[in-house]
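Below is the structure:
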């Protein structure tokens, strides 16, 4: 192969790889970037599509936490808009999950507007709190 | 005492400045001397911190905020770097340590080049010390001193996490010296075979601890967080993965520069980028610009300091690269189908994979600038990073046999047949208890393919059993690392496709069936430790022929006012039976039911053993005697 052919080959392979990667990444981002909602935002803009993975953040409303017969639980997420979102979750909640504390739940809404969480993120230590919540503003004190 | 430490750190800063000045002027002897003096001063400064923690001296603010008299002694010491300020002090110790080691070990017959490298390292040390002293000083006193400290985050009171930061920093900061070598090589316009021979052991010296540090962190997250997983594609995890990937690319491209003199510009670019990604990682972790499951207390101001450092240091290095790279000499011609081509392919894939991780990690920031709050999780990375890396793994056993310059392609069809056979084998047969779908079959085949490929390559080089022990260490290193990669892939694929997760609520005496196991809750008791108390569940798991006792705990640390999960893991040899205890729930008038998260994780140890083998392989290659001295 002459030098020019070689270079063309190289450029071709690199271009194919890059185009492939960009295509994959844009498809993946379109499908799998999870939008963040607060109860107030949902009241304002309506529920996100049923079955789409989203995250809902706010504070666990004091007095709303209920445990089921098995390992299931239900609670309300509130923010300073006064709106709430009902969340159900099966599993062990994080160590620092408590009423009145910040929480970010990842999961899906169903057609009826109920939110089932797949995972729950709470604080990792006493000084840290999920970043979205700082922006969402302090609701419960 | 702590004031003496503070003074020593300032002294280290002055010595580093002298090291930078004399080094950049080309004085190898003086620069080396000051590098060693600076290191000695910094070690003393760090020692005063250790001493304060060991003695629980709460008049030091850092100790008061992060320690407690009731804490076990080991964790008092480990508490020194279990916080931002102390970990930055450790960063400085390691960085200055690499400078001192360089002053001691560099013997390339190019004194001016070595002096410049030490000079650049001096600038990096100076920057990290400035950051330590101005933005995160650990040497602050409290007056009056409190009687008791606030305790270390209990999640960090763990053996794996006590040595995780030092390991990780040896890697991150190790790349600072590789960066310095690249900058010096570019200044001298001599990034050539001799340069690569000098720099290669240093690139490995950073890669090995970084690999082990990441593995330790992952193992900690696995058993301490109680989520049953080993990698969450969290920003903090990605922050350590990116320099590792670039480091892996560098490790391969530097071989080409060493053996053939080719890829000189590319290798020096990777050497610069590896450290830039380390700094980016520090920025992402410390600034809190991204939501992370691993984020601890963060400080945006410190974040902007780090970002500034990244932009200034990275920017000047890239500028230097842009000016000098066109003047570097290349090696002899090569075809795309040659060992050079193969390693270029490896590098392309690793850098593109790094770019997808970078995009996924930073995308939330980009979206935020556009007014949307989003997060990018595992599905994105499974769809981008995984297939791209699979390409490299597929090609590896085939192309590693290619010769320099021009490869013999006559046996290519045999390889293709071999791989297709492996896939068919796994998919059609399914192995043992694991019912595997096609994608997992391909994944497992890839893992076995890599291990067989590593063995085949060793055999191709040795040609007979008798010559195996005489093979150079770096060949052994390569074989181990590639086989380790195969083990890792098998473990990771089985984790993704073969893991079961069940949530249980049991009262004492009750049983449940999970993936062939019968799990019975015997009782739950209260126990007490040195600085915690806990509920401890006693479970008995049985399976025909096996019986296991599991004692997961839910601990509460009063000093830190927080609970933690202590998981119980039973290893069967082929899988982990993993149990985390949740909370006790008492229905009105009824008995207490305890919640459990139970996982069966097949062959998860393959993941960790695989990464350890990769690290071990790197270490063997580093100690290869042909790696030092002059190019023959």
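Chains as they are written, first to last, in our numbering: chain A, 2 to 142; chain B, 200 to 831. All C-beta atoms in this analysis are idealised placements derived from N, C-alpha and C, irrespective of residue type, glycine included. As the structure is a prediction and not an experimental result, all values here were calculated from the model.
Going by beta carbon distance, what residues of the same chain come within less than 7 Å of residue i, once the five residues before and after it are set aside?
i                      : result
residue 520 of chain B : 385, 467, 468 and 471
residue 584 of chain B : 552, 555 and 556
residue 830 of chain B : The predicted position of residue 830 of chain B is uncertain, since its pLDDT is 46 and thus under 50; no value can be drawn from it.
residue 621 of chain B : 644, 647 and 648
residue 203 of chain B : 247
residue 327 of chain B : 290, 291 and 294
Using a cut-off of 7 Å between C-beta atoms, extract the partners of residue i located in chain B.
i                     : result
residue 15 of chain A : 547
residue 96 of chain A : 761, 762, 763 and 764
residue 71 of chain A : 704
residue 66 of chain A : In chain order: nothing, as chain B lies at least about 11 Å away.
Spatial neighbours of residue i within its chain, please: C-beta separation below 8 Å, excluding the five flanking residues on both sides.
i                      : result
residue 216 of chain B : 321 and 325
residue 249 of chain B : 276 and 279
residue 590 of chain B : 548
residue 774 of chain B : 799, 800, 801, 802 and 803
residue 253 of chain B : 272, 275 and 276
residue 329 of chain B : 212
residue 505 of chain B : 330, 478, 481, 482, 485 and 486
residue 624 of chain B : 644
Quick check: the Cα distance between residue i and residue j, rounded to an integer number of angstroms?
i                      : j                      : result
residue 573 of chain B : residue 274 of chain B : 37 Å
residue 819 of chain B : residue 602 of chain B : 23 Å
residue 804 of chain B : residue 690 of chain B : 7 Å
residue 178 of chain B : residue 390 of chain B : The requested residue 178 of chain B is not part of the displayed model; chain B covers only 200 to 831.
residue 799 of chain B : residue 582 of chain B : 25 Å
residue 45 of chain A  : residue 54 of chain A  : 19 Å
residue 711 of chain B : residue 717 of chain B : 6 Å
residue 104 of chain A : residue 115 of chain A : 17 Å
residue 828 of chain B : residue 228 of chain B : Since pLDDT at residue 828 of chain B reaches only 43, below the 50 mark, its modelled position is unreliable, and the value read off the structure follows with that caveat. Taking the straight line from one Cα to the other gives about 19 Å.
residue 721 of chain B : residue 284 of chain B : 45 Å
residue 142 of chain A : residue 102 of chain A : Because residue 142 of chain A sits at a pLDDT of 33, beneath the cut-off of 50, its placement in the model cannot be relied upon, and the point is left open.
residue 123 of chain A : residue 97 of chain A  : 6 Å
residue 49 of chain A  : residue 24 of chain A  : 26 Å
residue 31 of chain A  : residue 788 of chain B : 50 Å
residue 348 of chain B : residue 700 of chain B : 39 Å
residue 604 of chain B : residue 26 of chain A  : 34 Å
residue 729 of chain B : residue 270 of chain B : 7 Å
residue 464 of chain B : residue 543 of chain B : 13 Å
residue 307 of chain B : residue 22 of chain A  : 40 Å
residue 367 of chain B : residue 512 of chain B : 21 Å
residue 723 of chain B : residue 429 of chain B : 27 Å
residue 669 of chain B : residue 445 of chain B : 31 Å
residue 632 of chain B : residue 414 of chain B : In this predicted model, residue 632 of chain B has a pLDDT of only 49, less than 50, meaning its place in the structure is not dependable; the value taken from the coordinates is given anyway. Going from the Cα of residue 632 of chain B to the Cα of residue 414 of chain B covers about 27 Å.
residue 749 of chain B : residue 352 of chain B : 25 Å
residue 439 of chain B : residue 785 of chain B : 43 Å
In its own chain, which residues sit with a C-beta less than 6 Å from the C-beta of residue i, not counting the 5 before and 5 after it?
i                      : result
residue 156 of chain A : Residue 156 of chain A is absent from the model: chain A starts at 2 and stops at 142.
residue 205 of chain B : 338
residue 783 of chain B : 791 and 793
residue 817 of chain B : 403, 406 and 407
residue 112 of chain A : 51
residue 370 of chain B : 405, 408, 409 and 412
residue 515 of chain B : none
Going along chain B, which residues have a C-beta under 9 Å from residue i?
i                      : result
residue 91 of chain A  : 702
residue 110 of chain A : Ordered by position in chain B, no residue passes the 9 Å Cβ test against residue 110 of chain A, which lies about 16 Å from the chain.
residue 76 of chain A  : Chain B residues near residue 76 of chain A: none, gap ~14 Å exceeds 9 Å.
Give the C-beta separation of residue i and residue j to the nearest angstrom, bearing in mind that I take them to be a contact with Cβ-Cβ under 8 Å.
i                      : j                      : result
residue 422 of chain B : residue 726 of chain B : With a Cβ gap of about 19 Å, residue 422 of chain B and residue 726 of chain B do not count as contacting.
residue 382 of chain B : residue 449 of chain B : 14 Å between Cβ atoms; not a contact.
residue 398 of chain B : residue 380 of chain B : 5 Å
residue 341 of chain B : residue 258 of chain B : 6 Å
residue 606 of chain B : residue 537 of chain B : 5 Å
residue 705 of chain B : residue 747 of chain B : Rounded, the Cβ-Cβ distance is 16 Å, inconsistent with contact.
Residue i touches chain B at which residues, Cβ-Cβ below 8 Å?
i                     : result
residue 80 of chain A : Under the 8 Å cutoff, chain B gives no residues; its nearest Cβ is about 13 Å from residue 80 of chain A.
residue 10 of chain A : 535
residue 25 of chain A : 555, 582, 583, 586 and 587
Taking Cβ-Cβ distances shorter than 7 Å, what residues in chain A pair up with residue i?
i                      : result
residue 562 of chain B : 30 and 34
Name, please, each residue of chain A whose Cβ falls closer than 9 Å to the Cβ of residue i.
i                      : result
residue 575 of chain B : 29, 30, 33, 34 and 35
Check the Cβ of residue i against every Cβ in chain A and list those closer than 8 Å, keeping chain order.
i                      : result
residue 551 of chain B : 18, 19 and 22
residue 809 of chain B : Neighbours of residue 809 of chain B on chain A: none; closest Cβ ~25 Å, over 8 Å.
Count the CB pairs spanning the region 645-662 of chain B and the region 753-769 of chain B that are closer than 8 Å, and state whether there are at least three. no
If we count Cβ pairs, one from each stretch, closer than 8 Å, do we get three or more for the region 231-243 of chain B versus the region 288-299 of chain B? yes
Examine the Cβ distances between the region 523-530 of chain B and the region 452-460 of chain B and report whether three or more of them are shorter than 8 Å. yes
Taking three-plus beta-carbon pairs below 8 Å as touching, is the region 218-225 of chain B in contact with the region 301-321 of chain B? yes
So, do the region 750-761 of chain B and the region 671-686 of chain B have three or more beta carbon pairs nearer to each other than 8 Å? no
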